[in-house]
Amino acid sequence: MHTIEMPMLTKNLALMEGFRRETVKTSGAEIEVAVAGSGPPLLLIHGNPLTLVSWHKIAPALAKTFTVIAPDLRGYGDSSKPDGGEDHAAYTFRAMGEDNFEVMDYFGFNRFQIAGHDRGARVGFRMALDRPGRVERLAALDIVPTHHVLTNVTLGWGLESYHWFFMAQKAPFPERLICAELDYYIQYKLNKKGVGLEIFTPEAMAEYVRCTTAEQIHAVCEDYRATVTLDLAMDTADFGRRRIACPVMVIWGTNSHCGRHFKPVEAWSEWADDVSGFGIPTGHYPAEHRPDIVYPLFWEFFTGRNPHWDDAP
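For the sequence shown, the numbering used here begins at 1 and goes up steadily by one.
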């Protein structure tokens, strides 16, 4: 497996160029936030096993048009890692969404747009469904909705997405195995088939390594335990009864588990009427792999234009 030589493991405050850092205390956590820009508000929510710096290749450009607010999800990065509770309720997408509503309240924004990747897009999904009056537009990177995933499990997807069920096992089983060799784990996790680690800058990779701690691993496991229990139950109750009111754009990697095993536009159309989508030549980390494609699609979508990609089939 190809590996990347790591710089020193200290917080890199310069990686999100032009952004200031703040800590916002919410009802259930303390959230690390990077903020820049002065235009309409745009919330960027990262996925697993990443942090807010996963947006570093596109966030500075977006901040020229928008007020960009990029948090670390609770349990991830430099945000706090509260106890999940016996039923893991503190790590549902609704709980994470409430953090983000409170973050946006803190900065004075009632209505805003959201871009989310991976787990962050699942948080955005729940936010748009729960409080449609607050979310103007939603862009999702490389996922289909959780209910669709868990009711359409196939052998191919399961082999590529083993962690959904491994990390959801009862504590401390997955935590003990993963924490036995954290550096190996994070490099293996990010080294996606046919893509490799070369898409990550050494500085970003160093941040992901720095934040891969025993405390974060436990929180991530709590996230996945909540997904297959409370989150799935919420989605099952809402399926066919509630729909996302805002426009949705989904971008997926044609060389990712999402692109290989699902039809993203069809899956999102089960939940929203206004859905557009683009399969682009990336793996599971489009914003870091092909920012040259993701940034203009985001800019067009979030400025109210009709997104297009010249090489789209």
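Quick reminder that beta carbons are idealized off the backbone N, C-alpha and C, glycines included. A quick note: this is a predicted structure, and the numbers were derived from the prediction, not measured.
Excluding the 5 residues flanking it on each side, His-289 has same chain C-beta neighbours closer than 8 Å at Val-195, Ile-199, Gly-253, Thr-282 and Gly-283, in chain order. Here Ile-293 has Ile-280 and Trp-309 as same chain residues with Cβ atoms under 7 Å from its own Cβ, once five neighbours each way along the sequence are excluded. Contact annotation, Phe-302 with Leu-44: C-beta distance approximately 11 Å; criterion of less than 8 Å not satisfied.
Within the same chain, Cβ atoms closer than 8 Å to the Cβ of His-261 are found at Thr-154, Gly-156, Trp-157 and Glu-160, the five residues on either side in sequence being excluded. Nearest neighbour of Phe-173 by Cα position, chosen from Phe-125, Ser-80, Glu-222 and Met-205, turns out to be Glu-222. If you ignore the 5 residues before and after His-163, its C-beta comes within less than 8 Å of the C-beta of Lys-189 and Tyr-224, all in its own chain and listed in chain order.
The beta carbon of Gly-97 lies closer than 6 Å to those of Val-123, Arg-126 and Met-127 in the same chain, with the five residues before and after it left out. With contacts defined by Cβ atoms closer than 8 Å, Thr-92 and Asp-235 do not form a contacting pair. Here Glu-222 carries a helix assignment [DSSP, helix/strand/coil].
With a beta-carbon spacing of about 6 Å, Tyr-208 and Leu-50 fall inside the 8 Å limit used to define contacts.
For the pair Phe-278 and Ile-186, the Cα-to-Cα distance works out to about 28 Å.
Ranked by how close their Cα comes to the Cα of Lys-64, the residues Asp-273, Pro-307 and Phe-19 have Phe-19 in first place.
Separation of Asn-100 and Pro-71 (C-alpha to C-alpha, rounded to the nearest whole angstrom) is 8 Å.
Taken through DSSP and simplified to helix, strand or coil, Phe-239 comes out as coil. In this structure, the beta-carbon distance from Gly-47 to Gly-133 does not fall below 8 Å. The C-beta of Asn-152 has fewer than 16 other C-beta atoms within 10 Å across all chains shown, which makes the residue exposed. Glu-102 and Thr-26 have their C-alpha atoms some 6 Å from each other.
Ser-79 sits close to Glu-30, with the two beta carbons spaced by under 8 Å. The three-state secondary structure of Phe-109, taken from DSSP, is coil. The Cβ-Cβ distance between Arg-94 and Cys-246 does not fall below 8 Å.
Our two residues, Glu-300 and Trp-55, have alpha carbons roughly 17 Å apart in a direct line. Secondary-structure assignment with DSSP links Val-135 through a beta bridge to Phe-112. Straight through space, the alpha carbons of Ser-38 and Ile-69 are spaced by roughly 11 Å. For Gly-120, there is no enclosing beta strand (DSSP E); the residue is found in the alpha helix (DSSP H) stretching over 119-130. Residue pairing for Val-275: DSSP places it in a beta bridge opposite Val-248. In this structure, the beta-carbon distance from Cys-211 to Tyr-106 does not fall below 8 Å.
Between Leu-297 and Ile-244, the C-beta gap is not smaller than 8 Å, which leaves the two residues out of contact. With respect to Ala-226, His-88 sits close: the two C-beta atoms are nearer than 8 Å. Ranking Ala-171, Ala-36, Arg-242 and Asn-255 by CA distance to the CA of Asn-191 puts Asn-255 first.
Only buried fits Tyr-285, as 16 or more other CB atoms lie within 10 angstroms of its CB. Boundaries of the beta strand (DSSP E) harbouring Thr-23: 20-25, taken from the DSSP string.
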